[in-house]
Amino acid sequence: MVLAVLACVVFGRGIGNDFVDWDDTTAIVYNPDYNPPSLDKLGHYWTQPFRNFYAPVLYSVWGIAAYAAYDEYVPPDITSVAAAWRLAAEPFHVLSLLAHIGSTVFAFLILSRLFERRMVPAFVGAVVFCVHPLQVEAVGWASTLYTPLSVALGLAAWWTLLAALDRRDKADGSRWKWRYVLATLLFATSLLTKPSMVLMPLIALFAEAIVRRRSRVQIKRSAWLIAPWIALSGAASWIISSYAQPALDVVRPPTLQRLLIAGDALSFYMGKVVWPVGLAPDYGRTPTMVLEGAMPWLGVSICLVVAVMSVVIFRANRAAACGLWIFLIGGLPTLGLVPFDFQLYSTVADRYAYFSLFGIAMVVSAIAARLSYQRSDNLWRWGIVTGGILLTLCVLTIRQLGFWRDSPTLFARCLDINPTSRVGLAGMLAWKSDHKQPDEAIVYGRLAVAHHHGDYRLCHRVAGVLMQLKQWDEAIAMLERAAQLAREPDAKADAVNTQGVAFALSNRPPQAEQRFRAALALQSDLHSAHRNLAALYLSQNRLADALGEFEQALRLDPANPQYRGAVAQLSADLRRMTATPATKPAP
1 MVLAVLACVV FGRGIGNDFV DWDDTTAIVY NPDYNPPSLD KLGHYWTQPF
51 RNFYAPVLYS VWGIAAYAAY DEYVPPDITS VAAAWRLAAE PFHVLSLLAH
101 IGSTVFAFLI LSRLFERRMV PAFVGAVVFC VHPLQVEAVG WASTLYTPLS
151 VALGLAAWWT LLAALDRRDK ADGSRWKWRY VLATLLFATS LLTKPSMVLM
201 PLIALFAEAI VRRRSRVQIK RSAWLIAPWI ALSGAASWII SSYAQPALDV
251 VRPPTLQRLL IAGDALSFYM GKVVWPVGLA PDYGRTPTMV LEGAMPWLGV
301 SICLVVAVMS VVIFRANRAA ACGLWIFLIG GLPTLGLVPF DFQLYSTVAD
351 RYAYFSLFGI AMVVSAIAAR LSYQRSDNLW RWGIVTGGIL LTLCVLTIRQ
401 LGFWRDSPTL FARCLDINPT SRVGLAGMLA WKSDHKQPDE AIVYGRLAVA
451 HHHGDYRLCH RVAGVLMQLK QWDEAIAMLE RAAQLAREPD AKADAVNTQG
501 VAFALSNRPP QAEQRFRAAL ALQSDLHSAH RNLAALYLSQ NRLADALGEF
551 EQALRLDPAN PQYRGAVAQL SADLRRMTAT PATKPAP
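Okay, so the sequence shown: first residue is 1 according to full-length UniProt numbering, each after it adds one.
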């Protein structure tokens, strides 16, 4: 109860935050499956990935939350990205907070078992896990619910497994088997929420041997029970590596260089654990940036030093050493050893350290347990120091949560910490453009293209702002660049189609028609290109040609009322124009 209240006090202000125009919009706000909400729309999340991410439990939970978030009477409001689709952000932020509370509570329960029911050390460790500023991104960002929710389910599975193992050792009939089945179901649900919890079975077995000091026979029995979990983790790893999250545009350095990237990421997280200031969603630590840095080997060197220290510490404090090892390996799937999509922005991100902080919580609990044996006068001193550190963490966390209150605040924070942030520049470009401020938007757009010239999406967005400013030639050139950079045919077709719009708006019909035809050659089912051709023909009074294009668009998008209405109207107009007069005119 105390931990839940503490989490609400520290993270409660985040419930009033808006959605941010970075993943929240595409994953939640503008997702037609939630607008209006319907359980019938959620089945496809279980059969295929959505936006290259397979997390059916996550999307199903959001679908249920959308019932509480949906309000058909919300008026349009340009200051809120949610208003246009009638979704309130509060229910989604409440979900994130509840998931974080669950993670914290189960972290405490696990630590209390690992430290033989010593509640005070377990409580101190759980508080660090709860209020550390590195947790803000995972809790304050609505579209990363998968992180605290998957960890909450994973830790619940671990705690239930510990209870099952203890009951089995006490020869408690078959009751332990039901606990084991429940633990397995919880772990499978965790993987279906976010597949990156794949290392938790090995960590649980590791803790059995190192912290709980189980006998060889007990460890062997535990290993047999954990083996199905490892098989589930193997299936999840296959999904991550080859099915749901292809990192096609990420640099793929040789294996030895990936070790340098992973070492840099680990050393970065160590620094932020000790000194959690200057936190931002995009640090810009891409593989290229790390490898081209002055000392790419420095991170690996720091990790080796910490690993050696943990071995030295092992004899004096096995639990503290185990906590360090959990911290080092907990985030292994997102250290860069296997390329992943976000490395286009940065290998490191605060949310990737969420589960790893359980290792830090174990270290803190181990130290607190050791200090509890000291004299009472020394305990007061250590209590004051610990209280001061925890209070500082709470203040920093509350402050950091304020940066997530809305899109412009978040993107401005990105640029304060990392002036070349792709997230910050692209975000400010989009926000200024959407809010009819093209003169300010283009400033961010030019900076974004200058620093990240290989991103076709940025080029396309900048071209849109140039079109708002009626700088047609520069917009057309930028769209040509976007088409050249795009790898997928549909992305190329989209850029070429928009190029045709720019030609049409700048009163160059022949070039516009040629680009629309080129877009259809790249993607034959691009109904918007047929629509644009129809509009072009209408401007030239070519009604029959316009009707043909609208009919093609309607064939590709039969539910579109605009196309259906245009076909009906043009058909009627053409019939009237070709109709024979009913009576002959008088001589």
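Virtual Cβ for every residue (Gly too), placed ideally from N, Cα, C.
What you are looking at is a predicted structure, and each value in this text was computed from that prediction instead of being measured.
- Below 8 Å, enough C-beta pairs join the region 260 to 280 and the region 332 to 351 to call them touching: three or more.
- If you compare the alpha carbons of Ile64, Ile398, Val124 with that of Cys8, the shortest gap goes to Ile398.
- Counting along the chain, the unbroken alpha helix (DSSP H) around Val449 starts and ends at 438 to 451.
- Here the alpha carbons of Ile101 and Thr26 stand approximately 26 Å from one another.
- Residue pairing by DSSP places Pro37 opposite Tyr34 in a beta bridge.
- No Cβ-Cβ contact shorter than 8 Å links Trp141 with Trp431.
- Nearest Cα to Trp275 within the set Thr147, Leu134, Ala188: Leu134.
- Counting along the chain, no alpha helix (DSSP H) covers Gly284, and no H or E run does either.
- In the three-state reduction of the DSSP assignment, Phe53 falls in the strand class.
- Shown here, Tyr456 sits in a helix according to DSSP, grouped into three states.
- In the DSSP annotation of this structure, the continuous segment of the alpha helix (DSSP H) that includes Met362 starts and ends at 357 to 371.
- Rounded to whole angstroms, the gap between the alpha carbons of Asn418 and Gly323 is 31 Å.
- Judged by DSSP secondary structure, Glu474 falls within the alpha helix (DSSP H) whose first and last residues are 472 to 485.
- Using a C-beta cut-off of 8 Å, the region 306 to 313 makes no contact with the region 430 to 445, since fewer than three inter-stretch Cβ pairs fall below that distance.
- Below 8 Å, too few C-beta pairs join the region 294 to 305 and the region 173 to 190 to call them touching: fewer than three.
- Secondary structure at Leu87: strand, using DSSP grouped into helix, strand and coil.
- Nearest Cα to Gln343 within the set Ser421, Gly359, Gly388, Leu410: Ser421.
- Under the three-state reduction of DSSP output, Tyr537 falls in the helix class.
- Thr578: member of the alpha helix (DSSP H) spanning 561 to 578, first to last residue.
- The Cβ atoms of Thr104 and Ala88 lie no closer than 8 Å to each other.
- Positions of the alpha helix (DSSP H) runs, each at least 4 residues long and wholly inside the region 395 to 421, are given as 407 to 417 in order along the chain.
- Between the alpha carbons of Arg318 and Gly387 lies a distance of about 25 Å.
- According to the DSSP assignment, Asn497 belongs to the alpha helix (DSSP H) that extends over 489 to 505.
- Cβ atoms of Ala546 and Leu538 come within 8 Å of each other, at about 5 Å.
- Within the region 99 to 128, there are no complete alpha helix (DSSP H) runs of at least 4 residues.
- The alpha-carbon of Pro37 is positioned some 12 Å away from that of Tyr30.
- Membership of Thr193 in the alpha helix (DSSP H) is indicated by the continuous run 175 to 193.
- Taking a C-beta distance under 8 Å as the contact criterion, Trp158 and Ile219 do not qualify as a contact pair.
- The C-beta distance from Glu549 to Ala534 rounds to 4 Å, short enough to fall under 8 Å.
- The criterion of a C-beta distance shorter than 8 Å is not satisfied by Thr189 and Val290.
- In this chain, the alpha helix (DSSP H) harbouring Ala152 covers 146 to 169.
- Boundaries of the alpha helix (DSSP H) around Leu556: 543 to 556.
- The closest CA to that of Ala495, considering only Leu526, Arg508, Pro509, Ser506, is found on Leu526.
- Distance from the CA of Val5 to the CA of Leu145, rounded to the nearest whole angstrom, comes to 20 Å.
- The alpha-carbon separation between Val300 and Ala204 amounts to approximately 26 Å.
- Here Arg481 has Cys459 as same chain residues with Cβ atoms under 7 Å from its own Cβ, once five neighbours each way along the sequence are excluded.
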